[in-house]
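Only one structure is covered here, and it is reproduced in the block below.
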Amino acid sequence: MLLPSIHNSLNELVDLLDQLSDSEYAKPCPQLSNATIGEHTRHIIEMFQCLENFYEIGLVNYDKRERNILIQTSTEFAKSKIVDIKNNLDKPNKKIELQQIIDGEEIRIDSNYHRELLYNLEHCIHHQALIKVAILQCEDIQIDANFGVARSTIEYRSKCAQ
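In my numbering, the protein residues as written are 16 to 177.
Structure below.
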């Protein structure tokens, strides 16, 4: 169920990008401290890329992302990177160590690939919620009602509606 959920969220993102011009994609949004839809999309993409790039060595540091400006300025390039992510998600679960430097000190935390996929899904949904705020300034954009809504919230709302 994890991979289909990730694919669903990434497909929703692609559906959004299909509707945006590059200028809309890179337009600062005052409600998001002048961040752009492209910057949030780049962040989502690069977190997944980071997990994939460090999967083999088993040591992931999300702070060591590439930060490729083209991802945040070109919808076509961003969509191609999303396709790459979707094509490379299905890997065996294995132990992974997370590394981060906090206040000059290195910390390492044990994790695993599936846990990190789940983290990236939740992180993606969080940034989609922020993107949804920016979408309000674009009149002709259609997004799914559940865009940027946590899977647990969708399930809860579904039970309440019954």
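Where a beta carbon is used, it is the ideal one built from N, C-alpha and C, also for glycine. Treat the numbers as computed from the prediction; the structure is a model and nothing was measured.
Is the distance from the Cβ of Ala149 to the Cβ of His55 below 9 Å?
Looking up residue 149 in the sequence shown gives position 134. Looking up residue 55 in the sequence shown gives position 40. Taking 9 Å as the cut-off, the beta carbon of Ala149 is found closer than this to the beta carbon of His55.
Taking C-alpha atoms, which residue in Tyr128, Ile117, Glu91 lies nearest to Leu32?
Your numbering for residue 32 matches position 17 in the sequence shown. Of Tyr128, Ile117, Glu91, the residue nearest in Cα terms is Glu91.
Can Tyr77 and Leu113 be called in contact, C-beta distance under 9 Å?
What you label residue 77 is simply residue 62 of the sequence shown in a count that begins at 1. What you label residue 113 is simply residue 98 of the sequence shown in a count that begins at 1. Yes, they are a contact pair.
Assuming Arg57 is part of the alpha helix (DSSP H), what are its boundary residues?
Counted from its first residue, the sequence shown places residue 57 at position 42. Taken as a continuous stretch (DSSP letters only), the alpha helix (DSSP H) holding Arg57 covers 52-69.
Going by DSSP, what residues sit across from Cys44 in a beta bridge?
Position 29 of the sequence shown, counted from the first residue, corresponds to residue 44. BP columns for Cys44 point to Ala50.
Using the C-alpha atoms, what's the distance from Gln177 back to Arg80?
In the sequence shown, counting from the first residue as 1, residue 80 sits at position 65. In the sequence shown, counting from the first residue as 1, residue 177 sits at position 162. If you take the alpha carbons of Arg80 and Gln177, they lie about 43 Å apart.
Whole angstroms is fine: what's the gap from Ala165's alpha carbon to Leu25's?
Numbered from its first residue, the sequence shown carries residue 165 at position 150. Numbered from its first residue, the sequence shown carries residue 25 at position 10. Distance between the alpha carbons of Ala165 and Leu25: 14 Å.
Would you check if the region 134-152 and the region 58-69 touch, i.e. whether three or more CB-CB distances between them fall below 8 Å?
Between the region 58-69 and the region 134-152 there are three or more C-beta pairs closer than 8 Å, enough to call the two in contact.
For a quick check, are the C-beta atoms of Gly73 and Lys106 less than 9 Å apart?
Walking along the sequence shown from the start, residue 73 turns up at place 58. Walking along the sequence shown from the start, residue 106 turns up at place 91. No, the pair does not count as a contact, with Cβ atoms beyond the cut-off.
Going by alpha carbons, who is nearest to Ala50 out of Val29, Glu71, Thr88, Cys175?
Along the sequence shown, one-based indexing puts residue 50 at 35. If you compare the alpha carbons of Val29, Glu71, Thr88, Cys175 with that of Ala50, the shortest gap goes to Thr88.
So within the region 86-144, which uninterrupted beta strand (DSSP E) runs reach at least 3 residues, ignoring any that extend past its ends?
With a minimum length of 3 residues, the continuous beta strand (DSSP E) runs that stay inside the region 86-144 are 110-117, 120-127.
Assign Val75 to one of three DSSP states: helix, strand, or coil.
The sequence position of residue 75 within the sequence shown is 60, counting from 1. The answer is strand: DSSP assigns Val75 an E or B state.
When burial is assigned at 16 or more other CB atoms within 10 Å of the CB, is Met62 buried or exposed?
Within the sequence shown, residue 62 is the residue found at index 47, counting from 1. Burial call: buried.
Alpha carbons only, please: which of Cys175, Asn161, Leu151 is nearest the one belonging to Glu39?
For the purposes of this step, residue 39 is taken as the residue at position 24 of the sequence shown. Nearest option by C-alpha distance: Leu151.
Can you say whether Leu35 is buried or exposed, counting buried as having 16 or more other CB atoms within 10 angstroms of its CB?
Taking the sequence shown and counting its residues from 1, one reaches residue 35 at position 20. Flag for Leu35 reads buried.
Whole-angstrom Cβ separation of Ile97 and Ile140, contact assumed at under 8 Å?
Numbered from its first residue, the sequence shown carries residue 97 at position 82. Numbered from its first residue, the sequence shown carries residue 140 at position 125. Incorrect: roughly 15 Å between the Cβ atoms, too far for contact.
Under three-state DSSP, which class holds Ser36?
Working through the sequence shown from its first residue, we reach residue 36 at position 21. Ser36 sits in coil when the DSSP states are folded into three classes, being neither helix nor strand.
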